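**Student:** Once you know that position 157 of the sequence shown is 400 in our numbering, the rest is easy, because the numbers rise by one and skip nothing.
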Amino acid sequence: MRKLLILALVGLAAQLVDGALGMAYGLTSSTLLLFVGVAPAAASASVHLAEIGTTLAAGVAHWRFGNVDWRVVTRIALPGAVGAFVGATFLSSISTESAAPWMAGILFTLGAYLLVRFSRPLRQRTGAGRLRGRFLGPLGLVAGFVDATGGGGWGPVATPALLVSGRMEPRKVIGSVDTAEFVVAGAASIGFLIGLGSEGFLLPTVAALLVGGLIAAPVAAWLVRIVPAQLLGATIGGVIVLTNARTLLNAGDAGSTVRPVVYVLLAVGWVVALTFAVRALRRTRRARAIVDAATATAATASATASTTGTAAATPSPDTTTPAVPAGVVAGAGPAGADDDRLAVVER
244 MRKLLILALV GLAAQLVDGA LGMAYGLTSS TLLLFVGVAP AAASASVHLA
294 EIGTTLAAGV AHWRFGNVDW RVVTRIALPG AVGAFVGATF LSSISTESAA
344 PWMAGILFTL GAYLLVRFSR PLRQRTGAGR LRGRFLGPLG LVAGFVDATG
394 GGGWGPVATP ALLVSGRMEP RKVIGSVDTA EFVVAGAASI GFLIGLGSEG
444 FLLPTVAALL VGGLIAAPVA AWLVRIVPAQ LLGATIGGVI VLTNARTLLN
494 AGDAGSTVRP VVYVLLAVGW VVALTFAVRA LRRTRRARAI VDAATATAAT
544 ASATASTTGT AAATPSPDTT TPAVPAGVVA GAGPAGADDD RLAVVER
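1. Under a Cβ-count criterion, where at least 16 other Cβ atoms within 10 Å of its own Cβ denotes burial, should E424 be classed as buried or exposed?
2. To the nearest whole angstrom, what separates the beta carbons of A286 and G434, a pair I think is in contact under 8 Å?
3. Are the Cβ atoms of F333 and T422 separated by less than 8 Å?
4. For a quick check, are the C-beta atoms of L276 and V253 less than 8 Å apart?
5. What do you get for I249, buried or exposed, if any count of 16 or more other CB atoms within 10 angstroms of its CB means buried?
6. Pairs of beta-carbons, one from the segment 316–323 and one from the segment 470–479, closer than 8 Å: are there three or more?
7. Could you tell me the boundaries of the alpha helix (DSSP H) in which L218 lies?
8. Between which residues of its own chain and T562 is the CB-CB distance below 8 Å, once the five residues before and five after are set aside?
9. In this structure, how does DSSP classify S499 when only helix, strand and coil are distinguished?
10. Is the segment 441–460 touching the segment 307–319, taking contact as three or more C-beta pairs under 8 Å?
11. Have a look at S499 and V416 and give me their C-alpha separation to the nearest angstrom.
12. DSSP on V400, reduced to helix/strand/coil?
13. If you count every other CB in all the chains shown that lies within 10 Å of the CB of E294, and 16 or more means buried, which is it?
14. Mind checking if S432 is an interface residue toward chain D, Cβ cutoff 8 Å exclusive?
15. Within 8 Å, do at least three Cβ pairs link the segment 515–525 to the segment 392–407?
16. In chain order, what residues of the same chain have a beta carbon less than 7 Å from the beta carbon of S419, not counting five sequence neighbours either side?
17. Please work out which residues of its chain come closer than 7 Å, Cβ to Cβ, to P447, disregarding the five sequence neighbours upstream and downstream, and give them in chain order.
18. Is the separation between the beta-carbon of L445 and that of S273 shorter than 8 Å?
19. Just checking my contact of N487 with L350 at CB under 8 Å: how many whole Å lie between their CB atoms?
20. Around the C-beta of V184, are 16 or more other C-beta atoms found within 10 angstroms, so that it is buried, or is it exposed?
21. Tell me the DSSP secondary structure of V253 in three-state form.
22. Report the three-state DSSP secondary structure of L445 (helix, strand or coil).
23. My guess is that P471 and L524 are in contact by the Cβ rule of under 8 Å, so how many angstroms apart are they, rounded?
24. Taking Cβ to Cβ, would you say Q258 is nearer than 8 Å to T297?
25. Can you tell me whether V311 is helix, strand or coil according to DSSP?
26. Checking 8 Å against the spacing of the C-beta atoms, do A300 and T339 come in under that value?
27. What first and last residue would you give for the alpha helix (DSSP H) that runs through G376?
28. So, helix, strand or coil for S362, using DSSP?
29. Evaluate P503 with the Cβ neighbour count: other Cβ atoms within 10 Å of its Cβ, from every protein chain shown; 16 or more gives buried, anything less gives exposed.
30. I believe A355 touches G480 by the beta-carbon criterion, under 8 Å. Please report the beta-carbon distance rounded to the nearest angstrom.
31. Specify the secondary structure class of P413 as computed by DSSP and reduced to three states.
32. Answer with buried or exposed for A555, where buried requires no fewer than 16 other C-beta atoms within 10 angstroms of its C-beta.
33. Determine the closest residue to V426 out of A343, L405, L439 and D390, with distance taken between C-alpha atoms.
34. Leaving out five residues before and five after R318 in sequence, what residues of the same chain have Cβ atoms less than 6 Å from its Cβ?
35. If you compare alpha carbons, which of G512, T547 and R526 is closest to L357?
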């Protein structure tokens, strides 16, 4: 009973992270399951089976809010399912001793990505035209394979590539990736079922993760309005890096003198990333304040002109919204609104 309670807390924590960042449910839950001693293949299989429920709920919600581009979903989900199935089969076929460093290496890399990504503002690019299948297909294939073999990674791999293209609204990027993940999680679960059999799924673990995730969902909606996504992303990235570094050091038979040095270097890097995240957050907040103030001034001037009978005219360049400083995305501070959060997060 105590172990199930811990696993439910793992699912709760993972859903809080995923709800606040728009990603990392698989990364967080798989990392914590490996930390408590669950075998790599069983951890990934259990996480993906639980994700069938969580991604279905997320996909329905995104669909109801109009956040889904079904063309993108179909073109990324099917290759993603193939990649996830192959990845699950591959992970099921190797020994636990070989799988542990492989999975830890993937999680470590994705954790480092979170540290780097959230330590600096998101630079938006503008583009024209629709995303092509020759781009979406390979992206889904790679993201699905990484997701199954690493126990997570669909969002961190797929979403940044779609965001950087600049050809989709951020809300539709996240909504489409979330919806497609339901198919990916199902394909990975089938692969694990074939490779491991039904005994490969730790059903109590799956149930605990699912219950914890469902409990955390409404809390996460509140959390995103309190905790800046920029800081939370850098914090979780550091936790994932340090946790999986232990597995990698054990696999490499690192000596007792090397381990402390590695941990210190990683901790210093974590602190540096958090420092840059705070600086980026302050810059985006200042930029947002400038934009809001200029917008309010323009609205007041327009209302005054209308009241005094002044002919309506287009505001002069001096009263329009000023340009945001280079490298800073307006509204990318605390996630007080969906658009603000999506501007920060490369899922």
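Even glycine gets a Cβ: it sits at the ideal position worked out from N, Cα and C. The structure displayed is predicted, hence computed values, not measured ones.
**Tutor:** Quick answer:
1. Walking along the sequence shown from the start, residue 424 turns up at place 181. That one is buried.
2. If you number the sequence shown from 1, residue 286 lands on position 43. If you number the sequence shown from 1, residue 434 lands on position 191. About 15 Å separates the beta carbons of A286 and G434, which is beyond the 8 Å limit, so they are not a contact pair.
3. Residue 333 sits at position 90 when you count from the first residue of the sequence shown. Residue 422 sits at position 179 when you count from the first residue of the sequence shown. No; because the gap between Cβ atoms is not below 8 Å, this pair is not in contact.
4. Counting from one through the sequence shown, the residue named residue 276 turns up at place 33. Counting from one through the sequence shown, the residue named residue 253 turns up at place 10. Yes. Within cutoff.
5. Within the sequence shown, the letter at position 6 stands for residue 249. I249 is exposed by the Cβ-count criterion.
6. At 8 Å Cβ cutoff, the stretches do not touch.
7. The structure shown does not extend to residue 218, since the chain is modelled only from 244 through 590, so no value can be given for it.
8. Residue numbering aside, residue 562 sits at position 319 when the sequence shown is read from its first letter. With a pLDDT of 47 at T562, under the threshold of 50, the modelled position of that residue is not reliable, and the figure given next carries that caveat. Excluding sequence neighbours, T562 sits near A537, T540, A541 and A544.
9. As a position in the sequence shown, residue 499 is number 256, starting the count at 1. In the structure shown, S499 adopts coil according to DSSP, grouped into three states.
10. Touching, no.
11. Stepping through the sequence shown from its first residue, residue 499 is reached at position 256. Stepping through the sequence shown from its first residue, residue 416 is reached at position 173. Rounded to the nearest angstrom, the two C-alpha atoms are 45 Å apart.
12. As a first step, residue 400 must be located in the sequence shown, where it is residue number 157. V400: helix per DSSP, three-state reduction.
13. Along the sequence shown, one-based indexing puts residue 294 at 51. When all chains shown are included, E294 counts as buried.
14. Considering every chain present, this structure includes no chain D. It has just one protein chain.
15. With fewer than three CB-CB distances shorter than 8 Å, the segment 392–407 does not count as touching the segment 515–525.
16. Taking the sequence shown and counting its residues from 1, one reaches residue 419 at position 176. Within the same chain, V311, D312, V315 and V316 come within 7 Å of S419 by CB-CB distance, once the 5 residues on both sides are set aside.
17. For the purposes of this step, residue 447 is taken as residue 204 along the sequence shown, with counting starting at 1. The residues are L247.
18. Position 202 of the sequence shown, counted from the start, is the residue given in the question as residue 445. Position 30 of the sequence shown, counted from the start, is the residue given in the question as residue 273. No, Cβ-Cβ distance for L445 and S273 is not below 8 Å.
19. As a position in the sequence shown, residue 487 is number 244, starting the count at 1. As a position in the sequence shown, residue 350 is number 107, starting the count at 1. At roughly 5 Å, the Cβ-Cβ gap stays under 8 Å, so N487 and L350 are in contact.
20. Because the chain is modelled from 244 through 590, residue 184 falls outside the range shown and cannot be assessed.
21. As a first step, residue 253 must be located in the sequence shown, where it is residue number 10. Of the three classes helix, strand and coil, the one that applies to V253 here is helix, per DSSP.
22. Your numbering for residue 445 matches position 202 in the sequence shown. Coil, per DSSP.
23. Start at 1 with the first residue of the sequence shown, and residue 471 comes out as number 228. Start at 1 with the first residue of the sequence shown, and residue 524 comes out as number 281. Sure, about 5 Å apart at Cβ, within 8 Å.
24. In the sequence shown, counting from the first residue as 1, residue 258 sits at position 15. In the sequence shown, counting from the first residue as 1, residue 297 sits at position 54. Yes, these two residues count as a Cβ contact at 8 Å.
25. Numbered from its first residue, the sequence shown carries residue 311 at position 68. Here V311 sits in coil by DSSP.
26. Reading the sequence shown from its first residue, position 57 is the one you call residue 300. Reading the sequence shown from its first residue, position 96 is the one you call residue 339. Contact: no.
27. Reading the sequence shown from its first residue, position 133 is the one you call residue 376. Unbroken alpha helix (DSSP H) run through G376: G376 to G393.
28. If you number the sequence shown from 1, residue 362 lands on position 119. S362: coil per DSSP, three-state reduction.
29. In the sequence shown, counting from the first residue as 1, residue 503 sits at position 260. By the 10 Å Cβ count, P503 comes out exposed.
30. As a working mapping, residue 355 is identified with position 112 in the sequence shown. As a working mapping, residue 480 is identified with position 237 in the sequence shown. Rounded, the Cβ-Cβ distance is 7 Å, consistent with contact.
31. As a first step, residue 413 must be located in the sequence shown, where it is residue number 170. If DSSP states are grouped into helix, strand and coil, P413 belongs with the helices.
32. Here the question's residue 555 lines up with position 312 in the sequence shown. Summary for A555: the model assigns pLDDT 48, below 50, so the residue's position carries little reliability; its value from the coordinates is reported in the next sentence. Of the other Cβ atoms in all chains shown, fewer than 16 fall within 10 Å of the Cβ of A555; this residue is therefore exposed.
33. Counting from 1 along the sequence shown, the entry for residue 426 is found at position 183. Nearest to V426 by alpha-carbon distance, out of A343, L405, L439 and D390, is D390.
34. Here residue 318 refers to the residue found at position 75 of the sequence shown. Closer than 6 Å at Cβ, skipping near neighbours: G376 and L379.
35. As a first step, residue 357 must be located in the sequence shown, where it is residue number 114. Ranking the options by Cα distance to L357, first place goes to G512.
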